[in-house]
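Counted from 1, the sequence shown has number 156 at position 104 by the numbering used here; the numbering is strictly sequential.
Glycine is no exception: its CB is placed at the ideal position from the N, C-alpha and C atoms.
Nothing here was measured: the structure is a model prediction, and the numbers come from that model.
A short write-up of the structure that comes next.
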Amino acid sequence: MAWLNELPETQAMLAAEFNGRPISEQNLSEWKSGGFREWRTHRDAVALAHDMSDDAEELTEAAKGSLADRMAVVTTARYAAALAEWDGDLEGSGGKKLRVLRALCQDIVELRRGDHSAARLRMEQERLNEAREKTEEEVVEHFLRWARNPAFRETMDGDELSEEEKARRIRELFGVAPLAQTSQKSDPIKVNQTRNSMKDEG
Numbered sequence: 053m054a055w056l057n058e059l060p061e062t063q064a065m066l067a068a069e070f071n072g073r074p075i076s077e078q079n080l081s082e083w084k085s086g087g088f089r090e091w092r093t094h095r096d097a098v099a100l101a102h103d104m105s106d107d108a109e110e111l112t113e114a115a116k117g118s119l120a121d122r123m124a125v126v127t128t129a130r131y132a133a134a135l136a137e138w139d140g141d142l143e144g145s146g147g148k149k150l151r152v153l154r155a156l157c158q159d160i161v162e163l164r165r166g167d168h169s170a171a172r173l174r175m176e177q178e179r180l181n182e183a184r185e186k187t188e189e190e191v192v193e194h195f196l197r198w199a200r201n202p203a204f205r206e207t208m209d210g211d212e213l214s215e216e217e218k219a220r221r222i223r224e225l226f227g228v229a230p231l232a233q234t235s236q237k238s239d240p241i242k243v244n245q246t247r248n249s250m251k252d253e254g
């Protein structure tokens, strides 16, 4: 183990990953039974995911559409053929075949339901993207119209105007109602009013 620990690449890896702890028979054994297995399981899972993704693309291209739809057609045809051959005996080979096909049909229904949900989500996402793009275009177009308006430019360039006055003028330019006045003058109570109301009560 000493020669392995002396290698510069080993020392760099140990410093980065294992706090500089040298390789020993004990920690190598621990690594093989723990960390190495986890790493290998993770690596295999990633490779399997890549393979499945490649297979899915290949199958989708070969099926020219939804594979679940193709499976439904094939299973329906097999179901029809099994029904035509069935002698009515539930416990015979024909009955068993129909039960297997029925279970397959249920699985395919779930697969197709998932495909249809995914298609609906894609369509909704496309619709939302189109709506967002249209809204963004409308905002840009609206802003460009405002920017060409001399009164708007004058208002925005007016450094001597307060922010409140700029906001008021912009609202006026675009026909937006002014902000409601929230502070109203209150009518203060006078001392004589209080005395008179107390006399009336007495």
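Judged by their CB atoms, Ala108 and Ile160 are not nearer to each other than the 8 Å cut-off. When C-beta atoms of the region 117–131 are compared with those of the region 149–164, three or more pairs fall below 8 Å, so the two segments count as touching. Per the coordinates, the alpha-carbon of Glu224 lies some 16 Å from the alpha-carbon of Arg200. Our two residues, Val126 and Asp139, have alpha carbons roughly 22 Å apart in a direct line. Taking the CA atoms as reference points, Asn79 sits about 9 Å from Arg73. Taking C-alpha positions only, Arg122 is separated from Ala67 by approximately 55 Å. Per DSSP, reduced to three states, the secondary structure at Arg73 is coil, with no helix or strand assignment. At the C-beta level, Leu163 and Ala114 stay beyond 8 Å of one another. Taking C-alpha positions only, His94 is separated from His102 by approximately 12 Å.
Here the alpha carbons of Gly166 and Glu137 stand approximately 32 Å from one another. For Gly147, the enclosing alpha helix (DSSP H) has its first and last residue at Ser145 to Arg200.
Straight-line measurement puts the Cα of Arg220 at about 9 Å from the Cα of Ala229. In this structure, DSSP gives Ala229 a state outside helix and strand, which the three-state scheme calls coil. Taking 8 Å as the cut-off, the Cβ atoms of Ala171 and Lys149 do not count as close. CA-CA distance, Glu182 to Glu189, rounds to 10 Å. For Ser118, the secondary structure class from DSSP, reduced to helix, strand or coil, is coil. Contact between Ile75 and Leu56 holds: their C-beta atoms lie close to 6 Å from each other, under 8 Å.
Assignment of Glu90 by DSSP, reduced to helix, strand and coil, places it in the helix class.
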